[in-house]
Amino acid sequence: MKPDLANACFQVELRRPADMQGEEPWAFAILPKSESDKLPRRGRTSVEGTINGHPFQAVLEPDGQLSHWLKIPRALLESSGAEAGSPVALEVQPLANELEPQLPPDFRAALAASPEARATWAATTTIARIDWIHWIVSAKQEKTRLSRIAGACDMLAAGKKRVCCFDPSGYYSKGFKPPDEAA
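Sequential numbering from 1 applies to the sequence shown in full-length UniProt numbering.
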């Protein structure tokens, strides 16, 4: 944890997503902006914390309003005794080192096919890799996603370590937001 950042401790009501996307039941929480402001960045941020006293590590997602939201999987809901529609006590703090992002299979294959891109990828920071992946997976259409994968490989092969002009907070592009809440 960065010494100049305070732990974010707050109560929040858990929400049920309208679309579980075929997954087992889960819930989400939107962090109050005042608590999110205690974190080091507005984009994806790796944290550790507790929900109702039960520890977890997770990646907070940007909400497009310069704050964050947290996906709470079923196992954590069960172990913490939490459920959608109920208030929970949350405490989060940034991890000293960002969690390494998981490479989407299509991007992994594209990197494997380009030694130059793979070499630059290996030389980038974890936060830069998070932003590259976030830029790719935030595409709304498959055509855009494929174009971004090709563009990422071209830029990485040319030695570019950061994705250009990408707003990881979603504030300016409105590209990110929490899930729609179930009625």
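Just so you know, even glycine gets a beta-carbon here, dropped at the ideal spot from N, CA and C.
**Study point:** Assigned exposure category for leucine 111 - 16 Cβ within 10 Å defines buried
**Key:** As a first step, residue 111 is located in the sequence shown; it is residue number 111 there, counting from the start. Under this definition leucine 111 is a buried residue.
Exercise for the section: For the segment 121-128 and the segment 76-96, state whether three or more C-beta atom pairs, one from each stretch, are separated by less than 8 Å. Expected result: no
- prompt: Are alanine 84 and leucine 156 closer than 8 Å when you measure CB to CB?
  reply: Taking the sequence shown and counting its residues from 1, the one referred to as residue 84 is at position 84. Taking the sequence shown and counting its residues from 1, the one referred to as residue 156 is at position 156. No, the Cβ-Cβ distance between alanine 84 and leucine 156 is not below 8 Å.
- Task: May I ask you to report which of helix, strand or coil DSSP gives alanine 139?
- Result: Translated into the one-based positions of the sequence shown, residue 139 becomes position 139. If DSSP states are grouped into helix, strand and coil, alanine 139 belongs with coil.
>> Here's the rule: buried if 16 or more other CB atoms are within 10 angstroms of the residue's CB, otherwise exposed. What is glycine 159?
In response: Here residue 159 corresponds to residue number 159 of the sequence shown, with the count starting at 1. So glycine 159 ends up on the exposed side.
* Name the two residues that bound the continuous beta strand (DSSP E) containing threonine 50. => Along the sequence shown, one-based indexing puts residue 50 at 50. Per DSSP, the unbroken beta strand (DSSP E) holding threonine 50 starts and ends at 45-51.
- Item | leucine 77, enclosing alpha helix (DSSP H) - first and last residue | Along the sequence shown, read from residue 1 onward, the residue named residue 77 stands at position 77. That run of the alpha helix (DSSP H) goes 74-80.
Point to revise | Through-space distance from isoleucine 149 to arginine 74, alpha-carbon basis | key: Numbered from its first residue, the sequence shown carries residue 74 at position 74. Numbered from its first residue, the sequence shown carries residue 149 at position 149. Approximately 31 Å between the Cα atoms of the pair.
Excluding the 5 residues flanking valine 163 on each side, which residues of the same chain have their C-beta closer than 6 Å to its C-beta?
Working through the sequence shown from its first residue, we reach residue 163 at position 163. So the list reads Asp131, Trp132, Trp135, once near-sequence residues are dropped.
Query raised in the report: So the beta strand (DSSP E) glutamate 98 belongs to, where does it begin and stop?
Result: Translated into positions along the sequence shown, residue 98 becomes position 98. Premise fails: glutamate 98 is in no beta strand (DSSP E) and is neither H nor E.
Discussion item. Under 7 Å: does the beta carbon of glutamate 116 sit that close to some heavy atom of the ligand SAM?
Written reply: As far as ligands go, the structure on display features none, and thus does not contain the ligand SAM.
Handout entry: alanine 82 versus aspartate 19 - alpha carbon distance
Key = In the sequence shown, the residue the question calls residue 82 occupies position 82. In the sequence shown, the residue the question calls residue 19 occupies position 19. Alanine 82 and aspartate 19: Cα-Cα distance of roughly 19 Å.
Taking 8 Å as the cut-off, decide whether the C-beta atoms of arginine 16 and alanine 27 are in contact. Along the sequence shown, one-based indexing puts residue 16 at 16. Along the sequence shown, one-based indexing puts residue 27 at 27. Yes. Within cutoff.
Note down, in chain order, each residue of its chain lying with its Cβ closer than 6 Å to the Cβ of threonine 50, except the 5 sequence neighbours on either side. Here residue 50 refers to the residue found at position 50 when the sequence shown is read from its first residue. Contacts found: Glu91.
query = What beta strand (DSSP E) runs, 3 residues minimum, are completely inside the segment 15-48?
reply = 27-30
- Query: Using CA coordinates, which residue listed in Ser80, Ala96, Trp69 is at the minimum distance from proline 40?
  - Reply: For the purposes of this step, residue 40 is taken as the residue at position 40 of the sequence shown. Closest by alpha carbon: Ala96.
Out of Cys9, Asn7, Val12, Gln21, state which residue places its alpha-carbon closest to the alpha-carbon of aspartate 180.
-> For the purposes of this step, residue 180 is identified with residue 180 of the sequence shown, where counting begins at 1. It is Gln21 whose Cα lies nearest to the Cα of aspartate 180.
Next on the checklist: Could you tell me the alpha carbon to alpha carbon distance between arginine 129 and lysine 161, rounded to whole angstroms?
Outcome noted: As a first step, residue 129 must be located in the sequence shown, where it is residue number 129. As a first step, residue 161 must be located in the sequence shown, where it is residue number 161. Computed Cα separation, rounded: 9 Å.
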